[in-house]
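Encoded as structure tokens, the structure appears first; notes follow it.
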Amino acid sequence: MKKLIFLKGIKILKKILLFILIFISNNAFSKIILVDEMLNNLDNKIQANYIIINQLSEIILKRDIDIYQQEWEKEVNKKCN
Numbered sequence: 078m079k080k081l082i083f084l085k086g087i088k089i090l091k092k093i094l095l096f097i098l099i100f101i102s103n104n105a106f107s108k109i110i111l112v113d114e115m116l117n118n119l120d121n122k123i124q125a126n127y128i129i130i131n132q133l134s135e136i137i138l139k140r141d142i143d144i145y146q147q148e149w150e151k152e153v154n155k156k157c158n
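Quick note: the sequence shown uses the numbering used here, first residue 78, plus one each step.
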């Protein structure tokens, strides 16, 4: 008799655990979609930031090159004169 009650209890626990597992998996898959959208948005932001940083670095490097060129020209003029 106790064994029968124990087995029924185990069957009920298995059903409860199965229900919980199904519930968790549904939530997990819905969260995966949200995470996928977030990663896609993040990729777009990273791409936009990369373009901005690339353009700014080109400006900064050009400015530095111009400054170095001006200094170099001054030194050349000093030595030549």
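By construction, the Cβ of each residue, glycine as well, lies at the ideal position given by its N, Cα and C atoms.
Here residue 126 carries a helix assignment [DSSP, helix/strand/coil]. DSSP, reduced to helix, strand and coil, places residue 131 within a helical segment of the structure shown.
Between the alpha carbons of residue 86 and residue 113 lies a gap of roughly 40 Å.
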